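J.:
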Amino acid sequence: MEKTDTVRRYADDRIEISYDAHRCIHAAECLRGLPAVFDSDRRPWIMPSEAGADEIAAVIAKCPSGALHFKRFDGGPEESPQLPTTVLPMPAGPLYVRGLVQLRSADGSSLFEDLRMALCRCGQSHNKPFCDNSHVFAGFDDPGRVPGTPVKDR
Ligand code: SF4
Ligand code: FES
């Protein structure tokens with residue numbers, strides 16, 4: 507699932523957390539979800555021993571970019587894909603894709619697979635096709651409305 511060599515790993519005997527800084531868009535689901543484990547003001551900023559493996563797995567599954575993943579050593583369940591695969595245009599932000607996702611090059615060869623991705627829809631990312639948060643500085647302003655679909659239903 508990992509595309510770059512910017513992945514760092516943090517492990518104890520129950521779970522390994524991997525973090526790819528190249529994919530993180532600072533959505534902060536991790537910091538909000540488990541501040542004892544994920545604390546960007548601390549070094550190391552990820553400490554798996556500070557919570558239960560199930561709690562950690564649940565928070566990692568919320569990471570919209572796929573920057574975070576886990577591997578269980580305690581027999582607990584690995585992350586399973588959320589199906590059906592969905593594409594969610596975030597207001598003034600990227601496309602959040604969840605499910606069984608294969609990202610392919612223009613010639614159709616499979617490049618990369620993951621369960622979660624945040625893909626650029628503003629055109630300004632320096633890490634295309636992934637979002638890198640450049641939409642914030644570019645002033646991208648699109649509500650993400652899907653034609654025929656009321657925003658409140660998304
Ligand atoms: S994108 Fe993932 S790793 Fe980055 S801050 Fe958000 S939840 Fe944490
Ligand atoms: S949508 Fe985030 S950089 Fe384009």
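Numbering (my numbering), first residue to last: 507 to 660.
The C-beta atom is built at its ideal place from N, Cα and C for all residues, glycine as well.
What you are looking at is a predicted structure, and each value in this text was computed from that prediction instead of being measured.
(1) From the beta carbon of Ser611, is the nearest beta carbon of chain C less than 7 Å away?
(2) Could you check the C-alpha separation between Val593 and Pro541 for me, to the nearest Å?
(3) At a cut-off of 6 Å, is Arg627 close to the ligand FES when judged by its beta-carbon and the heavy atoms of the ligand?
(4) Could you name the residues of the same chain whose beta carbon sits closer than 8 Å to that of Gly605, not counting the 5 residues immediately before and after it, in chain order?
(5) Closer than 6 Å to a non-hydrogen atom of the ligand SF4 - does that hold for the CB of Ile562?
(6) Would you list the one or two residues that DSSP bridges to Lys577?
(7) Using C-beta distances below 7 Å, list every residue in its chain close to Asp647, excluding the 5 sequence neighbours before and after it, in chain order.
(8) Taking the alpha carbon of Leu512 as the point to measure from, which residue in His528, Glu522, Asp519, Ile523 has its own alpha carbon closest?
T.: Short version:
(1) Looking at the structure shown, chain C is missing, and only one protein chain is on hand.
(2) Here residue 593 is taken as the residue at index 87 of the sequence shown, counted from 1. Here residue 541 is taken as the residue at index 35 of the sequence shown, counted from 1. So the alpha carbons of these two residues sit roughly 28 Å apart.
(3) The residue given as residue 627 occupies position 121 in the sequence shown. Yes; taking the cut-off as 6 Å, the Cβ of Arg627 has a heavy atom of the ligand FES nearer than that.
(4) In the sequence shown, counting from the first residue as 1, residue 605 sits at position 99. Contacts found: Pro587, Gln588, Leu589, Pro590, Thr591, Thr592, Leu621.
(5) What you label residue 562 is simply residue 56 of the sequence shown in a count that begins at 1. No, the beta carbon of Ile562 sits no closer than 6 Å to any heavy atom of the ligand SF4.
(6) Here residue 577 refers to the residue found at position 71 when the sequence shown is read from its first residue. Per DSSP, Glu522.
(7) Numbered from 1 along the sequence shown, position 141 holds the residue referred to as residue 647. Hits under 7 Å: Ala598.
(8) Numbered from 1 along the sequence shown, position 6 holds the residue referred to as residue 512. In the sequence on display, residue 512 carries Thr and not Leu. Answer by Cα proximity: His528.
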